[in-house]
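Chains A and B, in that order, give the protein sequences.
Take 1 as the starting number for the first sequence in the numbering used here and just add one per residue.
Take 1 as the starting number for the second sequence in the numbering used here and just add one per residue.
See structure below.
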Amino acid sequence: MKIINPGRAARPLGIALLVILFAGAIGYSVRSVRYRVDQVPVGEFVVTKLSLNHSIERDSQGSFTNPYVEKTSLSAPSRRTPTAAKVSGQKPAKKAAPVVAGKEAKPKPTVKKPAVKKPLSRTVVPKKTQPKKPSAKKPVVRKPPPKKPAKKPSAPAACPT
Amino acid sequence: MSRRLAQASALVLINLGFLNIWFSNLNTGALRGICSPIFYCHSCPWATMACPLGVLINFSRLQIIPFITIGILGLVGTFGGRLVCGWLCPFGVLQELLHKIPTRKFAIPARLSYVKYALLVVFVLAVPFFWPNAPYTFCDGCPSSVIESTIPWAFVAHWQVTPGMFGGFTPRFWIRISILAAVVVFVILVSRGFCRVLCPLGAIFSLFNRFSLFRFRLTYSKCNNCGACAKLCPVDIDPVAQMNTAECVRCHECTITRHIKMGIS
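This is the structure:
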């Protein structure tokens, strides 16, 4: 009969747990953690970079600001516009939800739904699905008008790096 | 020899910005958003990555948790404990070189090693957390940053404005220089004095020393308690009695005696 020394077994287990814990911390940060700096959600990587130059501070309300961006009025909008342009072109639904936590999966079905409804609206009941017909064509129409993301000015999730 | 090679490689890798001398378009600042596990100031003009202590202080100041830094330090610590201190840290190399200056050497009481834990808690975590604008964090007195950032930038700044002149040194600059001078004297007299007493990063890694993946093993059949390994140890511990304790910097010096080996166990 083999006797297992609990002292010896505990150490590899502990090491494995620690590795999972620390690797999980990195993964969690990369995937989910976002901080709003001047209303733009950025990842820890960017916050670290900003903090090295003291380019990030907490204001009186507790939110993060970049003091060097605020001082020059021109630089503030210039920093926001490129991210906004990227949002309208690519994934507006994705970027609506995840501000702090990484719940990016929810908006996805809203984009996919109209594509699924296409065959249903055409094949099953045309009268009832009259409002759905234009919705089926939406994916084609959606590209030119970037109004929807503009109306919902929720900040982009992607790290601007 | 392999340790010196590793230390030299680490020094080069952490200073990849020096390549800008030849490749002016090289962007070495891309990695500064990630901390290295090495005690090296990110304000150094050539630094490749961020200093883990600097990141901890800055995040503590912002009152947010540095997940990536904790993860990196934790993984490195779990892998080798203070292996980084003995094999990669440039400030450790400097201490070893300074200690070779022929003067009278001193031993320090083991209790002093607790000072580094106090420094970690107070000047790396607590002070920046509770007083974000207070100028007494560890960075403000860090001797490593004086060498790597304060002195180079002082010269650079003055060369840009008035070439060839070195005026304009502020009182704060001289305070930092005096801290560096005190540490240099301390390190000349006490082997690896900064690592043992003052280094907060060493304090973090020392927490992992007892159970890290890489650790020392003693071959009892070969050991006759001659004390040769204790004489070689730069941090004044007895490797046989205090093997894998928090103070061991994993420098491998004791393995010359052949009855101590390092590996995964």
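The beta-carbon is built from N, C-alpha and C at its ideal position, and this holds for glycine as well.
Identify the continuous beta strand (DSSP E) that holds residue i and give its terminal residues.
i: K261(B); result: 260–264
Which residue from the options puts its Cα closest to that of residue i?
i: V93(B); options: T245(B), S191(B), I21(B), M49(B); result: S191(B)
i: L218(B); options: C142(B), A241(B), S113(B); result: A241(B)
i: I264(B); options: V249(B), F211(B), G227(B); result: F211(B)
i: K267(B); options: V185(B), K100(B), G141(B), R196(B); result: Residue numbering for chain B in the displayed model covers 1 to 265; residue 267(B) lies beyond these limits and cannot be assessed.
i: L232(B); options: F67(B), R258(B), S221(B), F214(B); result: R258(B)
i: V30(A); options: E96(B), A230(B), I70(B); result: I70(B)
i: F39(B); options: F155(B), R172(B), L19(B), F138(B); result: F138(B)
i: P132(B); options: T78(B), V235(B), L56(B), G193(B); result: L56(B)
i: P135(B); options: L73(B), I175(B), A107(B), L97(B); result: I175(B)
i: A30(B); options: R58(A), P67(A), L52(A), S60(A); result: L52(A)
i: I260(B); options: C248(B), E148(B), V127(B), Y220(B); result: Y220(B)
i: F169(B); options: A154(B), K100(B), A8(B); result: A154(B)
i: G80(B); options: R250(B), C254(B), T255(B); result: R250(B)
i: V47(A); options: I64(B), V235(B), I14(B); result: I64(B)
i: L198(B); options: N20(B), S113(B), G86(B); result: S113(B)
i: F208(B); options: G14(A), A9(A), R8(A); result: G14(A)
i: G8(B); options: P90(B), W46(B), W22(B), C41(B); result: One detail in the question is off: residue 8(B) reads as Ala in this sequence, not Gly. Answer by Cα proximity: P90(B).
i: G43(A); options: H54(A), Y28(A), E57(A); result: Y28(A)
i: F130(B); options: P67(A), R58(A), V69(A); result: R58(A)
i: P45(B); options: C223(B), I68(B), P52(B), N20(B); result: N20(B)
i: R215(B); options: K222(B), H252(B), G141(B); result: H252(B)
i: Y68(A); options: H54(A), Q61(A), Q39(A); result: H54(A)
i: V187(B); options: A246(B), A107(B), L88(B), N244(B); result: A107(B)
i: A6(B); options: K222(B), C85(B), W22(B); result: C85(B)
i: S32(A); options: F45(A), I20(A), D38(A); result: F45(A)
i: L88(B); options: N15(B), R104(B), L62(B), I177(B); result: N15(B)
i: L53(B); options: E96(B), Q95(B), F123(B); result: F123(B)
i: K222(B); options: S2(B), R104(B), I101(B), I256(B); result: I256(B)
i: V76(B); options: A10(A), A23(A), P12(A); result: A23(A)
i: P152(B); options: P102(B), F18(B), R104(B); result: F18(B)
i: C51(B); options: V183(B), Q95(B), A118(B), S145(B); result: S145(B)
i: G141(B); options: A182(B), R104(B), I34(B); result: A182(B)
i: R3(B); options: E96(B), V185(B), W22(B); result: E96(B)
i: K100(B); options: R172(B), V185(B), M262(B); result: V185(B)
Tell me, please, which residues DSSP counts as bridged to residue i.
i: A50(B); result: C35(B)
i: F214(B); result: I264(B)
i: R36(A); result: P41(A)
i: E57(A); result: T65(A)
Over the uninterrupted alpha helix (DSSP H) stretch that includes residue i, give me the two end residues.
i: I14(B); result: 2–14
i: Y117(B); result: 115–119
i: W174(B); result: 171–189
i: C248(B); result: Premise fails: C248(B) is in no alpha helix (DSSP H) and is neither H nor E.
i: D140(B); result: 138–141
i: F269(B); result: Residue coverage of chain B in this structure runs from 1 to 265, which leaves residue 269(B) outside it and unanswerable.
i: S206(B); result: 200–206
i: K231(B); result: 228–232
i: Q95(B); result: 90–99
i: F129(B); result: 127–130
i: I72(B); result: 67–80
i: G29(B); result: Counting along the chain, G29(B) falls outside any alpha helix (DSSP H), and DSSP gives it neither H nor E.
i: L112(B); result: Premise fails: L112(B) is in no alpha helix (DSSP H) and is neither H nor E.
i: W87(B); result: 83–87
Could you tell me how far apart the beta carbons of residue i and residue j are, in whole angstroms, since I believe they sit closer than 8 Å?
i: S60(B); j: L125(B); result: 5 Å
i: T78(B); j: L213(B); result: 6 Å
i: L73(B); j: A203(B); result: Contact doesn't hold; Cβ gap of about 11 Å is too wide.
i: C226(B); j: P239(B); result: Going by Cβ atoms, the distance from C226(B) to P239(B) rounds to 12 Å, so no, they are not a contact pair.
i: T48(B); j: L83(B); result: Actually they are not in contact, since the Cβ atoms of T48(B) and L83(B) sit about 20 Å apart, beyond 8 Å.
i: R36(A); j: F64(A); result: 6 Å
i: P143(B); j: I179(B); result: 6 Å
i: S149(B); j: S43(B); result: 4 Å
i: C254(B); j: V235(B); result: Not really, about 10 Å apart at Cβ, beyond 8 Å.
i: G67(B); j: A25(A); result: Before going on, a small fix: residue 67(B) reads as Phe here, not Gly. That belief holds up - the Cβ atoms of F67(B) and A25(A) are roughly 5 Å apart, short of 8 Å.
i: R104(B); j: K49(A); result: The Cβ separation is near 46 Å, so there is no contact.
i: I56(A); j: L62(B); result: 7 Å
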